[in-house]
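The opening residue of the sequence shown carries number 1 in our numbering; numbering runs sequentially from there. Everything below concerns the one structure shown next.
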Amino acid sequence: MWCVVCDMGEATAGLLCEECQDELARPDEIVPEQIVDQGAGGTDAVLVDPWGRPWRLDARMLVGRDASAGLMIIERSISRHHAQLGLADDAWLVRDLGSANGTTLNDLAITEPTPLRRGDRVGFGSIGLYFLDRAGALPPVELDPAVRATVRPEDREPAVVEDEVEREITNVGLPALRIRLHEPSGGGGGFLEIRNRRVQVSDIQFALVKTLHDRMAAEVHQPDLVRGFVRSSELVSALPWDTHDPLEANLKQLVRRTRRALIKAEIGDLIEARQRFGYRLRAIPKP
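And the structure:
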């Protein structure tokens, strides 16, 4: 079976391929039983959770920690009444209900009712789900019993290094590129203009690229081999995270998402990782 979101990779996590599953935000300590559907599921649309399970939507559905007639997510970043999804004139909208930790659409915070499109990634606090408008009949999802067990922090295995994030590119001869960073005064992310292409990114993605850009621009007298690196610990402490206790795993996920956004915009992979050095922009900003 192919992934219901990208329709490109084999579904290995419920209805999702491994790559689409990795795109979803999910705290390490949450278990599947903390997401409970209490709605009637009267439409053909679904939300797909981080374990690849589909949750059928009502025409008007509440999402929250106390959603007695909707999708209940029992997790500390979720407000009692967090957000609402609704169908009107054959179009789906998502609306934040003044939640403490906000609602995002494809990593961008929403402040008003916002249309949903198939494959959109919706974030409620620290929990991400995919939206599918016409899901049709879907096969049942059987979870591996191992994912149902709550793992104490002291029992966790060390994080596995992600090949995609940690691959090293140590060649010198960095290209000089004209890079423009546009941050709207009202917040809500920003725009990057690189190689005559423009891409919109979230607040934290913008902050990551700006930090790497500024460090590369500042270290004029460093040799190319070591120029512009920012240590992981510095990024974890300095970036505007929406989680209370960001870890290096959060940074790796952020780098992965930002890389994919740049590649999707046909800008290219411009973020380099090097063990013991950290991350850098793999280009020298032109004045």
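Note that CB positions come from ideal geometry on N, CA and C, so glycine has one too.
Once you ignore the five residues that flank residue 91 on each side, which residues in its own chain have a CB closer than 7 angstroms to its CB? The beta carbon of residue 91 lies closer than 7 angstroms to those of 115 in the same chain, with the five residues before and after it left out.
Considering just the uninterrupted stretch of the alpha helix (DSSP H) at residue 257, what are its terminal residues? DSSP places residue 257 inside the alpha helix (DSSP H), whose first and last residues are 248-264.
Alpha carbon of residue 280 to alpha carbon of residue 260, nearest angstrom: 16 angstroms
Could you compute how far the alpha carbon of residue 11 sits from the alpha carbon of residue 51? 11 angstroms
Cβ neighbour criterion (16 or more within 10 Å) applied to residue 263: Here residue 263 is exposed, its C-beta having fewer than 16 other C-beta atoms within 10 Å.
Return the CA-CA distance between residue 56 and residue 32, expressed in angstroms with no decimal places. Take the alpha-carbon of residue 56 and the one of residue 32: they are about 16 angstroms apart.
Using the C-alpha atoms, what's the distance from residue 29 back to residue 154? Note that residue 154 scores a pLDDT of 39, beneath 50, so its modelled location is shaky and nothing firm can be said.
Whole-angstrom Cβ separation of residue 69 and residue 87, contact assumed at under 8 angstroms? That pair is no contact at about 16 angstroms.
Is DSSP giving residue 152 helix, strand or coil here? Here the model assigns residue 152 a pLDDT of 39, short of 50, so the residue's position is not dependable, and the following value carries that caveat. Here residue 152 sits in coil by DSSP.
Inspect the beta-carbon positions of residue 124 and residue 73 and report whether they are closer than 8 angstroms. Less than 8 angstroms separates the beta-carbon of residue 124 from that of residue 73.
With residue 275 as the anchor, note down where its beta strand (DSSP E) starts and where it stops. In this chain, residue 275 is not harboured by any beta strand (DSSP E), its DSSP state being neither H nor E.
Three-state class that DSSP yields for residue 48 in the structure shown: Residue state for residue 48 is assigned as strand, using DSSP reduced to three classes.
Reference residue 141; option with closest CA among 96, 16, 277 and 272: 16
Near residue 80, what residues of its chain come up, given a Cβ to Cβ distance below 7 angstroms and the 5 sequence neighbours on each side ignored? 64, 65 and 66
For residue 160, does the three-state DSSP call read helix, strand or coil? Since pLDDT at residue 160 reaches only 34, below the 50 mark, its modelled position is unreliable, and no value is offered.
Please classify residue 5: does DSSP put it in a helix, a strand, or coil? coil
Work out the CA separation of residue 101 and residue 77 for me, nearest whole Å. 6 angstroms
Quick one: using the 10 Å Cβ neighbour count with 16 as the cut-off for buried, is residue 216 buried or exposed? buried
Just how far apart, CA to CA, sit residue 274 and residue 218? Rounded to the nearest angstrom, the gap between the Cα atoms of residue 274 and residue 218 is 19 angstroms.
Cβ of residue 93 within 7 angstroms of any heavy atom in the ligand GDP? Absence of the ligand GDP from the depicted structure is noted, as is the absence of any ligand whatsoever, leaving it without description.
Using only the alpha-carbon positions, how far apart do residue 265 and residue 221 sit? 31 angstroms
Is the distance from the Cβ of residue 235 to the Cβ of residue 211 below 8 angstroms? yes
Output yes or no for whether 8 angstroms exceeds the beta carbon distance between residue 174 and residue 284. The Cβ-Cβ distance between residue 174 and residue 284 falls below 8 angstroms.
Once the 5 residues before and after residue 250 are set aside, which same chain residues still bring their CB inside 7 angstroms of it? 241 and 243
For residue 324 versus residue 179, is the C-beta distance shorter than 8 angstroms? Lying before the first or after the last residue shown, residue 324 is absent from the chain, which here runs from 1 to 287.
C-beta atoms of residue 199 and residue 191 nearer than 8 angstroms: yes
In angstroms with no decimal places, state the Cα-to-Cα distance between residue 272 and residue 231. Rounded to the nearest angstrom, the two C-alpha atoms are 12 angstroms apart.
CA-CA distance, residue 194 and residue 177? 7 angstroms
Starting from residue 235, trace the alpha helix (DSSP H) both ways and give me its first and last residue. Bounds of the alpha helix (DSSP H) holding residue 235 are 232-238.
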